[in-house]
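Report on one structure; see the data block that follows.
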Amino acid sequence: MTKPIAIILGEPNSISSEIIFKAWLKKKKFKHHPCLVIGNYNLLCRHLKYFKFNLKIKLIEKNFKLEDLEGRAIPVIDVKYSQKRIFEKISKKSNKFILNCFSQGLYLLKHNKVLGIINGPVSKETLLNNKFNGITEFITHKTGCHNKVAMLIYSKKIAVTPITTHVSIKKICSKLSNKKIVNQIKEIVFFYNNHFKKKIKIAITGLNPHCFSNEKFSEENKIIKPAIRKLKKQKINVSGPLSADTLFSSKNRKRFDVVVGMYHDQVLTPIKTLVGFKAINITLGLPFIRVSPGHGVATDIVGKKIADPSGLIESVKFFNNIK
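The working numbering applies: residue 4 is where the sequence shown begins, and numbers increase by one.
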């Protein structure tokens, strides 16, 4: 048996448990590594009873043996958490539980027990009020990978990465830099070389509409173009700056493997429109693989049994492709 993947529950009052159950029911239909779940055993049992899925859950220890993962039951490493209702309104109450789940995942990685981690969706709105600005920031703090990580929203057809992530529009310009663009693209190139043995073609967008600005300071001229020149000198196959409004046309998409945008919605909106729930979020620059479905907590459909598990399934399948 090969090394397993740890699936971290994430926000307990989201669709996370539902998509885990649905993915588990379908896992015979696709090739995958063994999996385990890090979450609260009692809560998962309550959710399973609520959804009436034909599954079983079993407790395992963090120092599990591979044979503990065999069988149809979902193996769960228990993390303390309690709430009165089966689903509650998402709040800061679950933050400690979520971070403790991730700490367990990092423990398994440190002790070489798992191949990587997949986390269920979390609420950035509630985590923003915590000590960390989100799960990525928590992981980088724990691993010491400050200013090294990059977000890659990946699909087999095309992948995208934003230079700035969860930043308000008015702060985007102040967060852009020549160095940040160069370093992030080098991280992407390393990832594809290391895990796929593939040389990629990268498109880089401008920041302004049509890559043009009437202002005295043009981000394209002062930041983006110099970064592109540096990358080309290092023999990295980049093109740009290109206008984002036509970059995702069917003709242009065939020309590139990765599109690098300047801000979150500039590239995440197109890829989620094109590939839907099959897009997955990969954190680059960590000493391990961390993946998550490319969607959020979906508060509007929690408990309705209509959540789509495709993102989690694609996350599990992703580990089959890496070398």
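Even for Gly, the Cβ is constructed at its ideal location relative to N, Cα and C.
Beta-carbon proximity check, K202 vs N255, cutoff 8 Å: The answer is no: Cβ separation not under 8 Å.
Stretch-stretch touch, CB-based, cutoff 8 Å, three pairs: the segment 245 to 252 with the segment 144 to 151: no
Own chain, CB closer than 7 Å to S19, minus 5 neighbours either side, in chain order: L12, G13, G123, P124
Same chain, Cβ closer than 8 Å to A206, five either side skipped, listed in chain order: V241, S242, G243, L245, L250, N255, R258, F259, V261, V262, V263
Option nearest K55 by Cα separation, candidates K320, I77, K308, I292: K308
Per DSSP, the bridge partner or partners of I227: DSSP output for I227 lists no bridge partner at all.
Rounded C-alpha distance that separates I316 from I292: As the crow flies, the alpha-carbon of I316 is around 16 Å from that of I292.
Three-way DSSP call (helix, strand, coil) for Y84 in this model: Coil.
Local conformation of I309 per DSSP, three classes: coil
Distance, S252 Cα to K30 Cα: 34 Å
Local conformation of K65 per DSSP, three classes: coil
Alpha-carbon to alpha-carbon, K34 and F2: The chain is shown from 4 up to 326; residue 2 falls before or after that span and cannot be answered.
Close beta carbons around Q107, own chain, < 7 Å, minus the five adjacent residues each side: I41, K65, I80, V82
C-alpha gap between W27 and I77, whole angstroms: 8 Å
V170 in three-state terms, based on DSSP: coil
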